[in-house]
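Here is the structure we will look at.
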Amino acid sequence: MTSGKKIFEHVPDPDRRSEPGSGGRPSRGQESRRDRRLVAWWLLIQVLLVIGTILIGGMTRLTDSGLSITEWKPISGVIPPMTAEDWSQEFEKYKLIPEFALQNASMSLAEFKSIYWWEWSHRMIARLLGVVWLAGFAWFLARGDFNRNWIIRSSQIGILIIVQGVLGWWMVTSGLSGRNVDVAAYRLAIHSTLAFAILGLAAWSYWLARMQPVELLQATRRRNSRISRYSAAFVTIMLLQVFLGGLVAGLDAGRGYVDWPLMNGQFLPDESFDYSPLWINFFENAALTQFNHRLTAYLILGFSVFFWLRCRRTSMVSIRNWSAIVIVVVLCQALAGIVTLFGQASNHAAILHQAGAVATFLFITRLRLLAVFPPDDRIGGG
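Quick note on numbering: the sequence shown equals residues 634 to 1015 in my numbering.
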């Protein structure tokens, strides 16, 4: 194991080309910068894979493909059906679940293949994410590149990836028995929210890996604690909105109320609290879940304006600019949600709205990073 060269605690001298007696070889500082770039690329690949998992997962839901694979085989499941007999066996397994009997009894083998490939692709990219994380983590750990904090940070990503895989199967099992033709909406929402949490952690780690330790230390001293707390609240509200969006998707609530700003001509539909006990309406009532999703969108838009007004008081140019950019991004996402409603949540509109959610979450997370580690770009130089 390499000693004395932990890339996340060594602070290199940028003017130092090589160490005395090194014969012109790269100095530890140069090696550190090179290795940090490798770690950043590793994390960026994870970010892109999580985004791909989210979007392919969205299409899997929109095409009702999520129950096409009725078994969880993390290793052998990598290989799809290869022969006509293999496809026939997979189709027969699908015929045993309620979705086929109650909804798709007339489905042909060709139609089954179409939904199968969506679910298989979703599971494959999730597996690839796990492999990329494990290979990179093992390699950097073996080289001694990580200090204790980065071992913990990287381990958190890996643990969440594993938990996400287990939650994915837990979600699927809710649609394999009884009279369920879809997965439970609350399980879908939890699964979706955790995916965004992994995305946020991976993106945050990527941005940190691109900064030198001395930059982080100096940035910490410039931190405005109040702005930092507001940014944490912003991310939390966005994750709540992701959860509510998962409920809306799981209940197909976006196709039941397609007018705006009212819902079927009412502010709050009469049927919003029809279910008993009362609390279950917040998770299984299509009217109330869409109503809550709309209200939280208004809250996010209002909070983005509030945050911008607060950021205008700071001298940090980046924070001021990014807080203004976030308002525009949030507004565009809100408009995309309205267009999705008017289009009765068509597949194209819905997946673009989900892609917008990914972009909005990343912009807000980036704004939080700037709030926690402000760059030295103060108006007037300080």
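No residue lacks a Cβ here, since even glycine has one placed at the ideal position from N, Cα and C.
Beta-carbon proximity check, residue i vs residue j, cutoff 8 Å
i: Gly-887; j: Thr-826; result: no
i: His-926; j: Leu-877; result: yes
i: Arg-820; j: Met-804; result: yes
i: Ile-831; j: Ile-790; result: yes
i: Arg-694; j: Ala-882; result: yes
i: Ala-930; j: Val-680; result: no
i: Leu-762; j: Val-891; result: no
i: Ala-673; j: Arg-843; result: yes
i: Ile-784; j: Leu-774; result: yes
i: Thr-998; j: Trp-837; result: yes
i: Gln-987; j: Ile-933; result: no
i: Leu-872; j: Ala-818; result: no
i: Ile-730; j: Leu-700; result: yes
i: Gly-811; j: Trp-675; result: no
i: Val-963; j: Ala-992; result: no
i: Ile-712; j: His-755; result: no
i: Phe-867; j: Phe-916; result: no
i: Ser-807; j: Val-816; result: yes
i: Gly-691; j: Ile-870; result: no
i: Pro-714; j: Ala-852; result: no
i: Ile-702; j: Glu-752; result: yes
i: Trp-766; j: Ile-748; result: no
i: Asp-1009; j: Arg-760; result: no
i: Thr-947; j: Asn-857; result: yes
i: Phe-996; j: Ile-958; result: yes
i: Ala-920; j: Ser-905; result: yes
Assigned secondary structure, residue i (DSSP; H/G/I helix, E/B strand, else coil)
i: Met-949; result: strand
i: Met-740; result: coil
i: Thr-998; result: helix
i: Met-896; result: strand
i: Ser-698; result: coil
i: Gly-801; result: helix
i: Gly-657; result: Here the model assigns Gly-657 a pLDDT of 45, short of 50, so the residue's position is not dependable and the matter cannot be decided.
i: Ser-979; result: coil
i: Gly-989; result: helix
i: Phe-724; result: helix
i: Ala-1004; result: helix
i: Asn-857; result: coil
i: Ser-788; result: helix
i: Phe-745; result: helix
i: Ser-754; result: helix
i: Arg-781; result: helix
i: Val-868; result: helix
i: Met-692; result: helix
i: Ala-681; result: In the sequence under discussion, the amino acid at residue 681 is Leu, which differs from the Ala named in the question. Helix at Leu-681.
i: Thr-716; result: coil
i: Arg-776; result: coil
Residue range of the unbroken alpha helix (DSSP H) whose run includes residue i
i: Pro-707; result: Run containing Pro-707: none; DSSP gives neither H nor E here.
i: Trp-912; result: First-last for Trp-912: undefined, no H or E at that position.
i: Leu-884; result: That residue, Leu-884, is in no alpha helix (DSSP H); it is neither H nor E in DSSP.
i: Val-938; result: 919-944
i: Leu-901; result: It is not in any alpha helix (DSSP H) - Leu-901 carries neither H nor E in the DSSP assignment.
i: Pro-846; result: 846-854
i: Val-828; result: The residue you asked about is not Val; residue 828 is Ala in the sequence shown. Taken as a continuous stretch (DSSP letters only), the alpha helix (DSSP H) holding Ala-828 covers 818-842.
i: Phe-733; result: 731-735
Exposure label - residue i; buried when at least 16 CB within 10 Å
i: Gly-833; result: buried
i: Asp-903; result: exposed
i: Trp-955; result: buried
i: Trp-772; result: exposed
i: Ala-717; result: exposed
i: Arg-1001; result: buried
i: Arg-670; result: exposed
i: Cys-944; result: buried
i: Ala-822; result: buried
i: Ile-952; result: buried
i: Gly-935; result: exposed
i: Asp-778; result: buried
i: Asp-907; result: exposed
i: Ser-709; result: exposed
i: Asp-719; result: exposed
i: Glu-732; result: buried
i: Ile-792; result: exposed
i: Gln-722; result: exposed
i: Val-764; result: exposed
Distance cut-off 7 Å: residue i Cβ against heavy atoms of the ligand FMN
i: Pro-707; result: The ligand FMN is not part of the structure shown, which contains no ligands of any sort.
Check whether the region 897-915 touches the region 854-865, counting contact only when three or more Cβ pairs, one atom from each stretch, lie closer than 8 Å. no
Examine the Cβ distances between the region 693-708 and the region 977-985 and report whether three or more of them are shorter than 8 Å. yes
Is there contact between the region 844-860 and the region 792-799, where contact requires at least three CB pairs shorter than 8 Å? no
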